[in-house]
Amino acid sequence: MVLNTEHIVFHAPSASSLSLTSRPIRRSSHSAKPLKRHQEKPDAAEAFARYVLARAGLKDNAYRRQPLVRRVSACLRALRLKSIEEARELIARDTVALHTAVNTLLIGVTEFYRDPPAFEMLEDWLEHENRRMTRPWRVWSVGCSDGAELYTVAMLLHHMDALRDAELVGSDCRAEAIARAERGVYHRGLIRHLPESLLPYLRTKNATHVQPIDPIRRATRWQVADVLDDPPPVGSFDLILCRNMGIYLDGAAASGLWRKLCAALRPGGVLMTGHAEQPSGVARLCRMASCLYCKES
Ligand SMILES: C[S@@+](CC[C@H](N)C(=O)[O-])C[C@H]1O[C@@H](n2cnc3c(N)ncnc32)[C@H](O)[C@@H]1O
Numbered sequence: 095m096v097l098n099t100e101h102i103v104f105h106a107p108s109a110s111s112l113s114l115t116s117r118p119i120r121r122s123s124h125s126a127k128p129l130k131r132h133q134e135k136p137d138a139a140e141a142f143a144r145y146v147l148a149r150a151g152l153k154d155n156a157y158r159r160q161p162l163v164r165r166v167s168a169c170l171r172a173l174r175l176k177s178i179e180e181a182r183e184l185i186a187r188d189t190v191a192l193h194t195a196v197n198t199l200l201i202g203v204t205e206f207y208r209d210p211p212a213f214e215m216l217e218d219w220l221e222h223e224n225r226r227m228t229r230p231w232r233v234w235s236v237g238c239s240d241g242a243e244l245y246t247v248a249m250l251l252h253h254m255d256a257l258r259d260a261e262l263v264g265s266d267c268r269a270e271a272i273a274r275a276e277r278g279v280y281h282r283g284l285i286r287h288l289p290e291s292l293l294p295y296l297r298t299k300n301a302t303h304v305q306p307i308d309p310i311r312r313a314t315r316w317q318v319a320d321v322l323d324d325p326p327p328v329g330s331f332d333l334i335l336c337r338n339m340g341i342y343l344d345g346a347a348a349s350g351l352w353r354k355l356c357a358a359l360r361p362g363g364v365l366m367t368g369h370a371e372q373p374s375g376v377a378r379l380c381r382m383a384s385c386l387y388c389k390e391s
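When we follow our numbering, the leftmost residue of the sequence shown carries the number 95, and every step to the right adds one.
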């Protein structure tokens, strides 16, 4: 069974699990060695993951330990190496290997109309808001991966005849993801949740792949940017999507991210998050519905 970790709510360790470490441990001569090995391994994996992110110019300390540690074996597989030491040595001198490592450590899973109930709510809000819009829409998809999320919003706006002069920006810190977004060619498996009404906005590329039609692609632009470090695109946005990225950040970095995104929203604009994400601590953001937060006017 494949577990989609992005839909798991992460819990802080309970007091009882924490207290295990402070309990005196009865060590037999057999138990001492394996215990030490198990403690060291995750630490080495974490140090390696943080080294990779820092080398790529990202704020390594902003990311939570657990998801990073879990991805290290996938990273070694992608590099076709057996040990962290070999990987560290290769990454130090090879930029392609560095990009491969970042691409596996920062999970890029995405698809069109991902999480249908949340997108149905978004569609309702877009329709409602579109009736009072007096100027073109401005939308920003943060941590957009290969762009399926932003293309979904472009299709929804096109369906409402609201795409004219709209500005839709997608940004991600991984250059490979942004290159794929620009190309806009997707395997058919990624459109499994797309409502039938939006299918006409895709054209067949070949037997297995589709591509958004030209008006949809023309409305979008893409940027390689680190949202934790780089300034947001200029101007304020009617809608910002930042989904399934905040869950990988530690508390302080996530709070800073939500504050930054709130500042980039116009009053009355909406932030769409993933299910496991709550932009806590930002006074001006009010929950409208699951995954949707409105900035107070
Ligand atoms: C799991 S994907 C989410 C894609 C899409 N938002 C969705 O929910 O379907 C998370 C994305 O966040 C990006 N990301 C992680 N840290 C980032 C940062 N500091 N700045 C910009 N993008 C980042 C990753 O590269 C990855 O593509």
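All residues carry an ideal CB built from backbone N, CA and C; glycine is no exception.
This one's a predicted model, so the numbers in the text were calculated from it and none came from an experiment.
Exercise. What first and last residue would you give for the alpha helix (DSSP H) that runs through methionine 215?
Worked result: Start and end: 210–224.
Problem set entry | Simplified DSSP state of alanine 383, which is helix, strand or coil | Of the three classes helix, strand and coil, the one that applies to alanine 383 here is strand, per DSSP.
Exercise. Using a threshold of 7 Å, is the CB atom of methionine 339 nearer than that to any non-hydrogen atom of ligand 3?
Worked result: With respect to small molecules bound, the structure shown includes ligand 1 and not ligand 3.
For this session: Measure the alpha-carbon distance for leucine 333 versus tryptophan 234 and round it to whole angstroms.
Result: Going from the Cα of leucine 333 to the Cα of tryptophan 234 covers about 7 Å.
For this session: Could you check the C-alpha separation between histidine 287 and glutamate 183 for me, to the nearest Å?
Result: For histidine 287 and glutamate 183, the distance between alpha carbons rounds to 42 Å.
Exercise. Which residue from Gln305, Tyr342, Ala186 puts its Cα closest to that of valine 203?
Worked result: When each option's Cα is compared against that of valine 203, the closest is Tyr342.
Problem set entry | Burial state of arginine 229, where buried means 16 or more other Cβ atoms lie within 10 Å | Burial call: exposed.
For this session: Could you check which residue in Ala242, Arg144, Thr314, Lys153 has the C-alpha nearest to that of leucine 162?
Result: Closest in alpha carbon position to leucine 162, among Ala242, Arg144, Thr314, Lys153, is Arg144.
For this session: Return the Cβ separation of phenylalanine 331 and arginine 232 in integer angstroms, given the expectation that the two are a contact with Cβ distance under 8 Å.
Result: Correct: roughly 5 Å between the Cβ atoms.
Exercise. What separation, rounded to the nearest whole angstrom, lies between the Cα atoms of arginine 274 and glycine 241?
Worked result: Each residue's CA atom was taken as its position, placing arginine 274 and glycine 241 some 8 Å apart.
For this session: Take alanine 172 as the anchor and find which of Thr194, Pro309, Lys299, Glu221 has the nearest alpha-carbon.
Result: The option with the nearest alpha carbon to alanine 172 is Thr194.
Exercise. Where histidine 252 and phenylalanine 213 are concerned, what is the direct C-alpha to C-alpha distance, given to the nearest angstrom?
Worked result: So the two alpha carbons sit approximately 15 Å from each other.
Exercise. Hey, isoleucine 185 and arginine 149 are a contact pair by Cβ (cut 8 Å); roughly how many whole angstroms apart?
Worked result: Contact flag correct, Cβ pair sits at about 6 Å.
Problem set entry | Spatially closest choice to methionine 339 from Ala141, Leu192, Asp266, by CA coordinates | Cα-wise, what sits closest to methionine 339 is Asp266.
For this session: Indicate whether valine 321 and glycine 237 have their beta-carbon atoms separated by less than 8 Å.
Result: Yes. Within cutoff.
For this session: Would you kindly work out how many angstroms separate the C-alpha atoms of glutamate 180 and leucine 152, rounded to a whole number?
Result: Between glutamate 180 and leucine 152, the alpha-carbon positions lie close to 22 Å from each other.
Exercise. So which of Glu223, Leu355, Arg353, Val263 has the shortest CA-CA distance to threonine 314?
Worked result: The option with the nearest alpha carbon to threonine 314 is Val263.
Exercise. Closest to histidine 222 by CA distance: which of Lys176, Gln372, Pro373, Val364 is it?
Worked result: The candidate whose alpha carbon is nearest that of histidine 222 is Val364.
Exercise. Going straight from the alpha carbon of threonine 198 to that of leucine 292, what length do you get?
Worked result: Each residue's CA atom was taken as its position, placing threonine 198 and leucine 292 some 31 Å apart.
Problem set entry | methionine 249, DSSP secondary structure in three states | DSSP places methionine 249 within a helical segment (H, G or I) once states are collapsed to three.
Exercise. Straight-line CA distance for asparagine 300 to tyrosine 245?
Worked result: Approximately 19 Å, taken between the alpha carbons.
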